Amino acid sequence: MSQNMTRDQLEFLCREIAPLVESARVEKIYHPDADCLQLALFSEHRKYYLTLRLSAGLTGFYLAGERTGGSAGEASDFCMKLRSRLQGAALTRLEKVENDRVLYLHFSGKGGEQCRLVAELFPAGGNCYLLDEQAGILAEMKKSAGRSRGNHPGAQYAPAEPPAGLPGTGQGPDRIAELRAAEALESYNEAAALLYERLAAAHKIEERKKRIAKEFSRERKRLERLKAAHEETVASESSAENFRRSADILAANFRSLKRGQSMVHLPDIYASESGRNRNIPLEPALSPQENIERYYKKYKKLKSGVKYARAHLEEICRQLERLVELISSLEQCATVEEIENFAAGAGLNIAAEKESSERSPAVKTRLPYHRFRAADGSLILVGRGPQDNDELTFRVARGRDLWLHVSGSTGAHVVLSCLREGAYTEEALLDAAHLAHFYSSLKDEPVADVDYTFRKNVSRAPGLAPGRVVLSSRRTFHLRKDHRRLERLLGGKKLFSGNQ
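Residue 1 is where the sequence shown starts when you use my numbering, and the numbers rise one by one after that.
Printed below as a string of structure tokens:
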């Protein structure tokens, strides 16, 4: 639901906030995500966070009591330019353009240098521009917005045409005023900050859910296409039988065949009625024996394809069922932390993605693990090295996940993702154990003992190097290497691609 501040609400807030921040000095500037900007202002022994929200459907501004969005992360280019020009400067005036959703923040630097920050809080999505004394654009927050007006760094700022209609036209109930009354808050700004922080948190959760759901949808379509192709192959089994019968008929009539024939009409030895013939196309360039072998090869190839498709159909159906379970589990996530833990368990690197679209070119995040799929579709994560093992076990894995390692060897920590404690199959356990064996110092041995336990039973070994652990409980089983299982695991397509 859209919750853009109306022109009246912006006017009311501007009148209430201006006396508090005018003459305040800019202490720090933050850009917590692509659609939010915060200016830390210090005034009369008190710090305020002037917050500008610019996402479509959630535009507005208010004074917050603390920073939003957690850690600042890597600052955007726009944020760095603002810090260069505004940190230490005084906010001399805050004003709103009459009958519009545009704010002007006027600043004066220590050397008397003047500049302005323009915040366009339009319902379709806002933008910010840093202007010099002559209204020349020094920097812009979003590069796409405002280009239709010729707004870009180096150009003169061109304001948008004021909207038609009176300020109050078409406005619904004032949710800020309603919340202020319901919560008995002292000021209109306090209610605005509380409402929009809640809305922004909910918006962030929904956006992350949508991002993950998009990945699931893409994977579901891929699996459904693969399933349809395999089903078509299985349905063609009767064609394979026709190839074999044609080869048998040709073999039974070998003496009547000659090179150069393109079609023969031969007695059908499989017909229920005697005297029926079968038309069999031939390759004129091939000898009779080569034509017979060609039909047998077609039979074997198609039969092999049918066998492969039938075996993999079961696995694909299990993966589709798992996707349905994952989608259902995603809906239950209520916080960003829960979503990030869920994403890590599902093999998605959502939590590590940069949120600001204007940040410096991102370096691809290196995941601390390889990802594989068990025969039943379960996700298996394998640590890349000692430091990666530590991160996988203690930052990525959840308490309910199954943890594995080859006993008496160095090698990877392996995590089998479980939707709930104990919810894993014997086949998935065997797959995970084979990966633990393959990524251990005993990989060339035909047999090995594999320890496994729930992640909650694993703790760091005090005073030892990263990756060294202590198990409060464990189970061990004797593994005999299965080369076919390993080939399937190492050669199969991973469910979610990523940085390997």
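No residue lacks a Cβ here, since even glycine has one placed at the ideal position from N, Cα and C. Because the structure is a prediction, the values reported are computed rather than measured.
- Counting other Cβ atoms within 10 Å of its Cβ, Asn277 stays below 16 and is therefore classed as exposed.
- For Gly491, the uninterrupted alpha helix (DSSP H) segment begins and ends at His483 to Gly491.
- Following the DSSP letters along the chain, one finds Gly60 inside the beta strand (DSSP E) bounded by residues Leu58 to Ala64.
- Following the DSSP letters along the chain, one finds Phe42 in no alpha helix (DSSP H) but inside the beta strand (DSSP E) bounded by residues Cys36 to Ser43.
- Inside the segment 63-138, DSSP marks whole beta strand (DSSP E) runs of 3 or more residues at positions 90-96, 102-108, 114-120 and 127-131, from first to last along the chain.
- Our two residues, His434 and Leu442, have alpha carbons roughly 11 Å apart in a direct line.
- The segment 406-426 makes contact with the segment 449-465; the number of CB pairs closer than 8 Å reaches 3 or more.
- Taking Tyr49 as reference, the option from Ser43, Ala56 and Leu39 with the minimal CA-CA separation is Leu39.
- Ranked by how close their Cα comes to the Cα of Ser236, the residues Tyr295, Ala213 and Leu302 have Leu302 in first place.
- Non-local C-beta neighbours of Thr425 in its own chain, meaning closer than 6 Å and more than five positions away in sequence, comprise Asp376, ordered along the chain.
- Pairing Glu178 with Gly383, the inter-Cα distance amounts to about 52 Å.
- In the structure shown, Ala343 adopts helical secondary structure according to DSSP, grouped into three states.
- In the three-state reduction of the DSSP assignment, Asn389 falls in the helix class, which pools H, G and I.
- If you look at Gly383, you'll find it in the beta strand (DSSP E) that goes Leu379 to Gly383.
- Taking Lys81 as the centre and dropping the five residues before and after it, the same chain places the C-beta of Leu130, Leu138 and Ala139 closer than 8 Å to its C-beta, in chain order.
- Within the same chain, Cβ atoms closer than 7 Å to the Cβ of Glu391 are found at Pro368, the five residues on either side in sequence being excluded.
- Inter-residue distance for Leu266 and Ser272 is about 15 Å (C-alpha atoms, whole angstroms).
- Ala158 sits exposed, since fewer than 16 C-beta atoms from the chains shown fall within 10 Å of its C-beta.
- The beta carbons of Ala24 and Leu37 sit no closer together than 8 Å.
- Beta-bridge analysis with DSSP links Leu50 to Leu39 and Leu63.
- DSSP places Tyr369 in the uninterrupted beta strand (DSSP E) bounded by Tyr369 to Arg373.
- Under the three-state reduction of DSSP, Ile17 is assigned to helix.
- In this structure, Ser2 is the residue among Ser2, Arg373 and Arg395 with its C-alpha nearest to the C-alpha of Ala202.
- Spatial neighbours of Gly154 in its own chain (CB-CB distance under 8 Å, excluding positions within 5 residues in sequence) are listed in chain order as Gly136 and Ile137.
- Within the model, the alpha-carbon separation for Lys204 versus Asp482 is close to 45 Å.
- Along the length of the segment 222-305, whole beta strand (DSSP E) runs at least 3 residues long occupy 263-267 and 277-281, reported in chain order.
- In this structure Tyr295 does not touch Phe216 by the C-beta definition: roughly 44 Å separates them, more than the 8 Å allowed.
- Closest in alpha carbon position to Arg366, among Gln387, Thr476, Ser378 and Ala374, is Gln387.
- Distances from the alpha-carbon of Ala240 to those of Lys297, Glu44 and Leu20 put Lys297 closest.
- Here DSSP, grouped into helix, strand and coil, assigns Leu313 to helix.
- Taken through DSSP and simplified to helix, strand or coil, Leu479 comes out as strand.
- Between Gly65 and His370, the alpha-carbon positions lie close to 42 Å from each other.
- DSSP places Lys28 within a strand segment (E or B) once states are collapsed to three.
- Bounds of the beta strand (DSSP E) holding Ala448 are Val447 to Phe454.
- Comparing alpha carbon positions, the residue from Glu321, Leu250 and Ser262 closest to Pro281 is Ser262.
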